[in-house]
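>
In the working numbering, the protein residues as written are 2 to 560.
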């Protein structure tokens, strides 16, 4: 038996001894037995599970469920909770810190939340567990509602069914936003010290935690209903909604009633939480096929539009009737929705000193044009709402990956439910004028200039492929994309002090178009973002189509 095999078996046995979960103990014990007998597949499995740890970063933790340090499980969650508790105690200015915990409907979400509550309470923190499975935006709201020092949401958002995650927020001066550096590295160091101690059974635990009452949910419902109370014309709206097997519907339905909107024609097979996500291959409304049932319901009911939340309801997808699209429906891009909501916010904030719009640098630069037209400031940030939410004076922020922040005074994170209420408000107002959401999109181009966006992404089995492509682009830069010459290339790893910095390559092209290349922060994907501006929408889309072809050719060449 090789030394490497002995190390992996030793790590696995040590993990097994501290694992409180019968399912993952049995899983790991079987692998150890097969690996000890020399089975190659079992040895490779152990190496994958124990060669590294799921990294704790600014997105917290996210990964596949299973036994081992490179999986999401009760051992890893207990280590994370104890490490985070140590960080909060170290940074506490007064009495015991307060932490709020929420969880969604994925496998093990409630169990991970209960483990966290017991570990936090055992460490002496005031710990508040939300009353049941709820959307991520409710947890983000609750951090501010309770004046908490921190929040934890157990969710993997729109990841595959067998994933789960651990998203962390900070209160106080951070205002309920997700963590950023250097907090992530400091928390990770605390977690590592717990892991190095080697036995989560030695951690103090307590059931002396609070379970929040309904008032926090009622407060979120009231605040979100106030985003866009329904005008009288809302009664005439016919629309379809899907929760994508997630936790959005119960809370969203209460908000619809409070705001005065009609109930939708629901996709009943996807309305209630289901951790198997049985009707979709991938529970992300951006993925092909994920909204097929909603499209069918839209055709059957002759709906005006379709709204879809992702499983934890922090994202929103919108689709409109389109006879030229397959199935008769077209899902709007995140940029189209973002610009619609951005123009709405800009009109309301015009004349407000210091008010600003914000989006990530991979989102449409058209938001900057809207901000300038209305006399507002504009901030372009790194990807992620942890950055967007911190933009000074922000009244609206968005990211092209279907994330929108329309009510920053109550939720400092993307919120697919409040965004849905805002879209319903726009649709109802348009209905009063005999118009539709499609009309509003057309009017945006007439008012602010025609822009088009696209995206090319590649999902990989081996994350090293992404690093290889990024290194290739940095070593030998391309000269053009889609026939347009590159006029300027920026590597954000080499950004000047005070400027956004990250693993991002930005290419500006002749004619005002741009191409951005970056690895995904949450999935094994490399993403290329394409933006064009032109005198007509058709011309802008033609440029984007050429850029898409150029991006695919580049990926094939450099892979």
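The beta-carbon is built from N, C-alpha and C at its ideal position, and this holds for glycine as well.
Can you tell me where the beta strand (DSSP E) with residue 322 in it begins and where it stops?
Looking at the DSSP string, the run of the beta strand (DSSP E) that includes residue 322 is 317-322.
> Quick one: using the 10 Å Cβ neighbour count with 16 as the cut-off for buried, is residue 269 buried or exposed?
By the neighbour-count rule (16 or more Cβ atoms within 10 Å), residue 269 is not buried but exposed.
> Measuring straight from C-alpha to C-alpha, what distance separates residue 71 and residue 54?
About 4 Å.
> Taking all protein chains shown into account, decide if residue 249 is buried (16 or more other Cβ within 10 angstroms of its Cβ) or exposed.
Buried, by the Cβ-count rule.
> Starting from the Cα of residue 530, find the closest Cα among 361, 40 and 371 and give me that residue.
When only C-alpha atoms are compared, the closest one is 361.
> Taking its Cβ as the centre, do 16 or more other Cβ atoms sit within 10 Å of residue 2, making it buried, or is it exposed?
Exposed, by the Cβ-count rule.
> Here's the rule: buried if 16 or more other CB atoms are within 10 angstroms of the residue's CB, otherwise exposed. What is residue 102?
With 16 or more Cβ atoms within 10 Å of its Cβ, residue 102 is classed as buried.
> Just confirm the distance between the C-beta atoms of residue 159 and residue 316, as a whole number of angstroms; I'd bet it's less than 8 Å.
The Cβ separation is near 7 Å, so the contact holds.
> By a C-beta neighbour count over all protein chains shown, 10 Å radius and 16 as the cutoff for buried, is residue 555 buried or exposed?
Buried: at least 16 other Cβ atoms inside 10 Å.
> Can you give me the C-alpha to C-alpha distance between residue 148 and residue 100, rounded to a whole angstrom?
So the alpha carbons of these two residues sit roughly 9 Å apart.
> For a minimum of 3 consecutive residues, which ranges assigned as the beta strand (DSSP E) are wholly contained in the segment 80-153?
Listed in chain order, the complete beta strand (DSSP E) runs (minimum 3 residues) inside the segment 80-153 are 99-104 and 127-130.
> How close, in whole Å, do the beta carbons of residue 98 and residue 150 come, if the pair is a contact with beta carbons under 8 Å?
Indeed they touch by this definition, with Cβ atoms about 4 Å apart.
> How should residue 305 be labelled, buried or exposed, when 16 other C-beta atoms within 10 angstroms of its C-beta is the threshold for buried?
Residue 305 is buried by the Cβ-count criterion.
> Which residue marks the beginning of the alpha helix (DSSP H) containing residue 225, and which one marks its end?
Here the alpha helix (DSSP H) through residue 225 covers 216-226.
> Out of 427, 124 and 502, which has the shortest C-alpha to C-alpha gap to residue 88?
Of 427, 124 and 502, the residue nearest in Cα terms is 124.
> Tell me whether residue 324 is buried or exposed, calling it buried when 16 or more other Cβ atoms sit within 10 Å of its Cβ.
Per the 10 Å Cβ criterion, exposed.
> Less than 8 Å between the C-beta atoms of residue 433 and residue 230, yes or no?
Contact: no.
> With H, G and I counted as helix, E and B as strand and the rest as coil, what does DSSP make of residue 528?
Strand at residue 528.
> Just to confirm, is the Cβ distance from residue 386 to residue 403 under 8 Å?
No. Outside cutoff.
> Hey, how far is the Cα of residue 381 from the Cα of residue 60?
Cα-Cα distance, rounded: 19 Å.
> Tell me the rounded alpha-carbon separation between residue 234 and residue 297.
In a straight line, the C-alpha of residue 234 is about 25 Å away from that of residue 297.
> State the DSSP-derived secondary structure class of residue 251, mapped to helix, strand or coil.
It is helical.
> Quick check: what's the CA-CA separation for residue 408 versus residue 215?
Whole-angstrom Cα-Cα distance: 21 Å.
> Any contact between the segment 107-116 and the segment 153-167? By contact I mean 3 or more CB pairs, one from each, below 8 Å.
Result yes; three or more Cβ-Cβ pairs closer than 8 Å.
> Where does the unbroken beta strand (DSSP E) through residue 359 begin, and where does it stop?
Here the beta strand (DSSP E) through residue 359 covers 357-361.
> Let me check understanding here. Comparing Cα to Cα, which of 136, 91, 503 and 553 lies closest to residue 104?
Closest option to residue 104, Cα to Cα, is 136.
> Once DSSP output is grouped into helix, strand and coil, what is the label at residue 159?
Reduced to three states, the DSSP call for residue 159 is coil.
> Compare the Cα-Cα distances from residue 311 to each of 94, 106, 346 and 391 and report the closest residue.
Measuring from the Cα of residue 311, the nearest candidate turns out to be 106.
> For residue 415, which of 38, 318, 281 and 289 has the nearest alpha-carbon?
That would be 318, whose Cα lies nearest to the Cα of residue 415.
> Under the rule that 16 or more other beta-carbon atoms within 10 Å means buried, what is residue 464, buried or exposed?
Its Cβ having fewer than 16 others within 10 Å, residue 464 is exposed.
> Less than 8 Å between the CB atoms is what I'm expecting for residue 367 and residue 340, so what's the real figure, rounded?
Sure, about 5 Å apart at Cβ, within 8 Å.
> Rounding to the nearest angstrom, what Cα-Cα distance links residue 11 and residue 66 in this structure?
Straight-line Cα distance between these residues: approximately 21 Å.
> Per DSSP, which one or two residues make a beta bridge with residue 179?
According to DSSP, which records beta bridges pairwise, residue 179 is partnered with 170.
> What does a CB cutoff of less than 8 Å around residue 378 pick up in its chain, not counting 5 residues either side in sequence?
So the list reads 355, 356, 357, 358, 372, 393 and 394, once near-sequence residues are dropped.
> Helix, strand or coil: how does DSSP classify residue 464 here?
Residue 464 falls in the coil class under three-state DSSP.
> On the premise that residue 188 lies in contact with residue 121, defined as a C-beta separation below 8 Å, what is that separation, rounded to the nearest angstrom?
Rounded, the Cβ-Cβ distance is 14 Å, inconsistent with contact.
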